[in-house]
Amino acid sequence: MRLHHVQVACPAGGEADARRFWGEGLGLTEVEKPEPLRSRGGAWFRALDGSGGAAAEVHVGVETPFQPARKAHPALLLDSVEALDEAGDRLARLGFEVDRTERDTFPGHVRLHTFDGHGNRVELLASR
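The numbering used here puts the first residue of the sequence shown at 83, with every later residue one more than the last.
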C-alpha cells in the first residue's frame, strides 16, 4: 500500500491562494482535475520523483462551510535540508507563515511547519 494523495480544504474562490502556496511556494505542478470533478472547484497539484512519476499529490477541495485544519496536516518529505530551508524561505517571502520552532524535535529529520493561504497546517521535513 502507498499513499496516492492528501486533500486539504479551501473556501469557495480559494484557488488562487492555493496556486500561490502549492505551486509558487512549494513548486508543485498543477494538474487538470478529471472532467466530472471540475465543477466542484479546487485545484490538484503533483510533485514528481526523479523518474518523472508522481511522488506526491495534494488535492485542494472546496468545503462549505470552510474550517482550516490547524492541527491535522500533510507532511511532505523534501530531498535535502537545503531544499527544506529554501522552501521555508520562499514561503516566508511570499507572505506565508513559517514556524521553525520544532526544527529539531523529530528524530532523524529537520522540519518546519507552515500554513497555506487558508490557514491549513502543512509540515515540511527532510532527513538528516
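Each residue gets a CB set at the ideal place from its N, CA and C atoms; glycine is no exception.
Computed from a prediction, not measured in an experiment: that's the story for all the values here.
Query raised in the report: In angstroms, rounded to a whole number, what distance separates the CA positions of Arg210 and Pro147?
Result: Against the sequence shown, residue 210 aligns to sequence position 128. Against the sequence shown, residue 147 aligns to sequence position 65. Computed Cα separation, rounded: 40 angstroms.
**Report entry** Any alpha helix (DSSP H) of 4 or more consecutive residues that is wholly inside the stretch 121-148
**Finding:** If we require 4 residues or more, the stretch 121-148 turns out to have no alpha helix (DSSP H) run fully inside it.
Query - Whole-angstrom C-beta distance between Val142 and Ala100, which should lie under 8 angstroms - result: Taking the first residue of the sequence shown as 1, we reach residue 100 at position 18. Taking the first residue of the sequence shown as 1, we reach residue 142 at position 60. With a Cβ gap of about 4 angstroms, Ala100 and Val142 count as contacting.
Requested in this report: Using 10 angstroms around the beta-carbon of His87, count the other beta-carbons present and answer buried if the total reaches 16, otherwise exposed.
Outcome: As a working note, residue 87 is residue 5 in the sequence shown. The residue is exposed, with fewer than 16 neighbouring Cβ atoms inside 10 Å.
Query raised in the report: Do Phe103 and Val113 have their CB atoms nearer than 9 angstroms?
Result: Position 21 of the sequence shown, counted from the start, is the residue given in the question as residue 103. Position 31 of the sequence shown, counted from the start, is the residue given in the question as residue 113. No.
Query raised in the report: Does DSSP put Arg193 in a helix, a strand or coil?
Result: Position 111 of the sequence shown, counted from the start, is the residue given in the question as residue 193. DSSP places Arg193 in the strand class (E or B) of the three-state scheme.
Query - contact_flag[the stretch 185-195, the stretch 162-176] where n(CB pairs < 8 angstroms) is 3 or more - result: Because the criterion of three Cβ pairs below 8 angstroms is met, the stretch 185-195 and the stretch 162-176 touch.
Query raised in the report: Taking DSSP as the reference, what is the three-state secondary structure of Glu205?
Result: The sequence position of residue 205 within the sequence shown is 123, counting from 1. Strand, per DSSP.
**Report entry** Per DSSP, the bridge partner or partners of Val88
**Finding:** Along the sequence shown, one-based indexing puts residue 88 at 6. Answer by DSSP bridge pairing, in chain order: Val140.
**Report entry** Coarse secondary structure for Leu119, derived from DSSP in three states
**Finding:** As a working note, residue 119 is residue 37 in the sequence shown. Leu119: helix per DSSP, three-state reduction.
Query raised in the report: In terms of DSSP beta bridges, what is Glu179 paired with?
Result: Here the question's residue 179 lines up with position 97 in the sequence shown. DSSP, once it has assigned bridges, lists no residue as partnering Glu179.
Query raised in the report: Whose C-beta lies closer than 8 angstroms to the C-beta of Thr187 among residues of the same chain, with five residues either side of it excluded?
Result: By one-based count along the sequence shown, residue 187 stands at place 105. Result list for Thr187: Arg193, in chain order.
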